[in-house]
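Take 3 as the starting number for the sequence shown in this note's numbering and just add one per residue. For every residue, glycine included, the Cβ atom is placed at its ideal position computed from N, Cα and C. Report on the following structure.
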Amino acid sequence: MAGKIWFVGAGPGDPDLITVKGRKLLEASGAVLFAGSLVDQAATLFAPEGCEIRDSKDMTLEEMTEWLIAAAEKHETVVRLQTGDPGLYGALIEMTRPLTAAGIAWAVVPGVSSAMASLAAAGETLTLPEVTQTVILTRVAGRTPMPPGEDLESLAAHKSTLCIYLSITLLHKVQDALLAAGWSEDAPILVVQKASWPGEEKIVRGTIKDIKRKCQDEKIASQAMIVASPTLGAADWPNLIRSKLYDPTFTHRFRKASEKPND
Ligand code: SAH
3 MAGKIWFVGA
13 GPGDPDLITV
23 KGRKLLEASG
33 AVLFAGSLVD
43 QAATLFAPEG
53 CEIRDSKDMT
63 LEEMTEWLIA
73 AAEKHETVVR
83 LQTGDPGLYG
93 ALIEMTRPLT
103 AAGIAWAVVP
113 GVSSAMASLA
123 AAGETLTLPE
133 VTQTVILTRV
143 AGRTPMPPGE
153 DLESLAAHKS
163 TLCIYLSITL
173 LHKVQDALLA
183 AGWSEDAPIL
193 VVQKASWPGE
203 EKIVRGTIKD
213 IKRKCQDEKI
223 ASQAMIVASP
233 TLGAADWPNL
243 IRSKLYDPTF
253 THRFRKASEK
263 PND
């Protein structure tokens, strides 16, 4: 009986940000195929001695499939370790389909995505009451085209939080799309490189107008998240609409209002 292949989200970089379940699977694994230098530290930290560990960065899909199937024939637990969450820009389905075809069991363990880690690093929030209650995870077209209706300009028209992956070298396209969607040149933009990586994280705050220059000054050209959001900077706003959940005048399932609402 072949073993099972687990697609585990390693989290954004800090090995402590893998889930407990992901870590337990790594500790029990006979073989680990990890996605590039982004996650090797977690793999080597938590995988047991004698575990076969292989970096997939120079492998094709066919080679990875072959490697995983061969590993599942030898080991009960095989881990494919991916950065962030495996379901975001992770080629997950391309990898699972040939396993299903070969009759190999597989499952996915979610991970902390770099969007969440980037906002956390900057002490920012993805949503705010009456500002935005929506988050869009997207990218701009590079060598991978965007499907119809998903160009950044259309998505930006919602004025919600935009977490833009895989686009740091295309910052000019982000600037153009946001301006075309009616965002002001002075709207805040956050760029975080290597969010959560111990000692390597860089946080750049700017506006649509100056973010490109600031990133150039900081030599940020890879592994970076771009965040455009009307929530950015809220920690310093003079006025903030409070969340109903903790409002003393608001009753909910777990707490009765202790004060009357103001008229
Ligand atoms: N599955 C991953 C995304 C892989 S695509 C996830 O859920 O995070 C690779 C892109 O993710 C990069 O181009 C960059 O935009 C972003 N990224 C990955 N790790 C990052 C990190 N530690 N800090 C900031 N952005 C990161």
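Check, Outcome
"LYS246 (DSSP reduced to helix, strand or coil)", "helix"
"At least 3 beta-carbon pairs within less than 8 Å: the region 53-61 vs the region 89-98", "no"
"Contact set for THR46: own chain, Cβ-Cβ below 7 Å, skip 5 residues either direction", "ILE55"
"Beta-carbon gap between VAL111 and THR21 smaller than 9 Å", "yes"
"Proximity winner among VAL193, THR233 and SER156, relative to ARG2 (alpha-carbon distances)", "Any property of residue 2 remains undetermined from this structure, which presents the chain solely from 3 to 265."
"GLN43 beta carbon near ligand 1 (any heavy atom closer than 8 Å)", "no"
"Whole-Å CB distance - THR233 paired with THR134, under 8 Å assumed", "6 Å"
"Residue from VAL229, GLN177 and PHE9 whose Cα sits closest to the Cα of GLU96", "PHE9"
"Boundaries (first-last residue) of the alpha helix (DSSP H) holding GLN135", "Where GLN135 is concerned, there is no enclosing alpha helix (DSSP H), given that its DSSP letter is neither H nor E."
"Nearest-angstrom Cα separation, counted from ILE210 out to ALA189", "6 Å"
"Any non-hydrogen atom of ligand 1 within 8 Å of LYS59 CB", "no"
"Range of the contiguous beta strand (DSSP E) that encloses LEU157", "Run containing LEU157: none in the beta strand (DSSP E); it sits in the alpha helix (DSSP H), 154-158."
"Proximity to ALA230 [Cα-Cα], best of ALA44, HIS254 and LEU181", "LEU181"
"Alpha-carbon to alpha-carbon, ILE166 and ALA223", "14 Å"
"Distance, ALA4 Cα to LEU101 Cα", "11 Å"
"Given ARG25 as reference, the closest of LYS6, ALA259, GLY105 and PHE48 once Cα atoms are compared", "PHE48"
"TRP239 burial status per 10 Å Cβ neighbour count (16 or more: buried)", "exposed"
"Coarse secondary structure for LYS26, derived from DSSP in three states", "helix"
"Length of the line joining the Cα atoms of HIS254 and LEU154", "38 Å"
"Three-state secondary structure (DSSP) of LEU130", "strand"
"Within 9 Å, strictly: CB atoms of SER120 and GLY144", "no"
"Bounding residues of the beta strand (DSSP E) (the contiguous stretch that carries ASP57)", "54-57"
"Range covered by the beta strand (DSSP E) that runs through LYS6", "6-11"
"Range covered by the alpha helix (DSSP H) that runs through LYS76", "63-76"
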